[in-house]
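Undergrad: Quick note: the numbering used here has the sequence shown finishing at residue 540, numbered continuously throughout. Glycine included, every Cβ here is placed at the ideal spot set by N, Cα and C. Since we're looking at a predicted model, the values are computed, not measured. If you scroll down you'll find the structure; I have some questions about it.
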Amino acid sequence: MSAHAHGQHEGGAPDEMFEPAAWDERYSGEGTVWSGHPNAQLVAEASRLTPGTALDVGCGEGGDVVWLARQGWRVTGADFSANGLARAARHAEEAGVADRVDWWQVDARTFDAAGRTWDLVTTHFLHPPDGGMVEATRRLATAVAPGGHLLVVGHAPSDVFTHLAASHRRAMFVAHDLVPALPDGFEALVVEQRPRTTVRDGVTVQIDDSTLLARRTT
Numbered sequence: 323m324s325a326h327a328h329g330q331h332e333g334g335a336p337d338e339m340f341e342p343a344a345w346d347e348r349y350s351g352e353g354t355v356w357s358g359h360p361n362a363q364l365v366a367e368a369s370r371l372t373p374g375t376a377l378d379v380g381c382g383e384g385g386d387v388v389w390l391a392r393q394g395w396r397v398t399g400a401d402f403s404a405n406g407l408a409r410a411a412r413h414a415e416e417a418g419v420a421d422r423v424d425w426w427q428v429d430a431r432t433f434d435a436a437g438r439t440w441d442l443v444t445t446h447f448l449h450p451p452d453g454g455m456v457e458a459t460r461r462l463a464t465a466v467a468p469g470g471h472l473l474v475v476g477h478a479p480s481d482v483f484t485h486l487a488a489s490h491r492r493a494m495f496v497a498h499d500l501v502p503a504l505p506d507g508f509e510a511l512v513v514e515q516r517p518r519t520t521v522r523d524g525v526t527v528q529i530d531d532s533t534l535l536a537r538r539t540t
């Protein structure tokens, strides 16, 4: 896994998969890595919001970016993999939304918005190592505009993932783990484990999406 690692990844050395080079290699092939469909919790929550500006950190191949742009958002897609961003840019071009999207190469572990803010800051399946998602959430919260929303979704620990390296499993989290990362002036609206059915290796399994939605009130 990487700083934007998706817990379902099974290849690569445990530590190397947290670094950009491993993801650049993974995104260097011809085939797509992800489905291209938007993540379920993004659709569930962002569909209720008035489109404005959005930042998607750990955007990978850009499935969520394209969906947001199609809903009328002006989106910045961010990732630490240059190859991932190149794929995402192609995806946005093919989808006809390139004029609504900007790209930013950045590592969530050292993310600094430098005073920039967005109406929606979102990240899905960003799993920094060693419990690093708490600090990443704290950093991402600084990029939320007053009245805006922060949506953080990730894999909860589960027996479904016992085949992964211990370092990968330790990077997973439950939604309540992230609440202490919210700065003053944020209101937690959703702190849930949301069951979702998916297919792994031809077998239908249930996993939980750890889902935190918060609004900046000041």
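Is V496 near P479, with beta carbons less than 9 Å apart?
TA: Start at 1 with the first residue of the sequence shown, and residue 496 comes out as number 174. Start at 1 with the first residue of the sequence shown, and residue 479 comes out as number 157. Yes, the Cβ-Cβ distance between V496 and P479 is below 9 Å.
Undergrad: Could you give the distance in angstroms between the alpha-carbon of R409 and the alpha-carbon of E514?
TA: Position 87 of the sequence shown, counted from the first residue, corresponds to residue 409. Position 192 of the sequence shown, counted from the first residue, corresponds to residue 514. The alpha-carbon atoms of R409 and E514 are separated by roughly 31 Å.
Undergrad: Cβ atoms of F508 and V466: under 9 Å apart, would you say?
TA: As a first step, residue 466 must be located in the sequence shown, where it is residue number 144. As a first step, residue 508 must be located in the sequence shown, where it is residue number 186. Yes, they are a contact pair.
Undergrad: To the nearest angstrom, how far is the alpha carbon of Q393 from that of G384?
TA: The residue you call residue 393 lines up with position 71 of the sequence shown. The residue you call residue 384 lines up with position 62 of the sequence shown. Approximately 14 Å between the Cα atoms of the pair.
Undergrad: Note down the Cα distance separating R538 from G374, rounded to an integer number of angstroms.
TA: Taking the sequence shown and counting its residues from 1, the one referred to as residue 538 is at position 216. Taking the sequence shown and counting its residues from 1, the one referred to as residue 374 is at position 52. The alpha-carbon atoms of R538 and G374 are separated by roughly 15 Å.
Undergrad: Is it buried or exposed for A488, if we count other Cβ within 10 angstroms and need 16 for buried?
TA: One-based indexing of the sequence shown puts residue 488 at position 166. Result: exposed.
Undergrad: Would you list the one or two residues that DSSP bridges to D434?
TA: Taking the sequence shown and counting its residues from 1, the one referred to as residue 434 is at position 112. Answer by DSSP bridge pairing: none, since D434 is not bridged.
Undergrad: Skipping 5 residues on each side, what residues in its chain have a beta carbon closer than 7 Å to that of R516?
TA: The residue you call residue 516 lines up with position 194 of the sequence shown. The residues are Q363, D530, D531 and T533.
Undergrad: Whole angstroms is fine: what's the gap from T445's alpha carbon to N361's?
TA: As a working note, residue 445 is residue 123 in the sequence shown. As a working note, residue 361 is residue 39 in the sequence shown. Each residue's alpha carbon lies about 10 Å from the other.
Undergrad: Please name the residue in G437, H449 and G453 whose C-alpha comes closest to that of A463.
TA: Working through the sequence shown from its first residue, we reach residue 463 at position 141. Looking at the Cα atoms, G437 is the closest of the given residues.
Undergrad: Cα separation between R370 and L442?
TA: As a working note, residue 370 is residue 48 in the sequence shown. As a working note, residue 442 is residue 120 in the sequence shown. Straight-line Cα distance between these residues: approximately 12 Å.
Undergrad: Cα-Cα, which of T520, P505 and L473 is closest to F483?
TA: One-based indexing of the sequence shown puts residue 483 at position 161. Ranking the options by Cα distance to F483, first place goes to T520.
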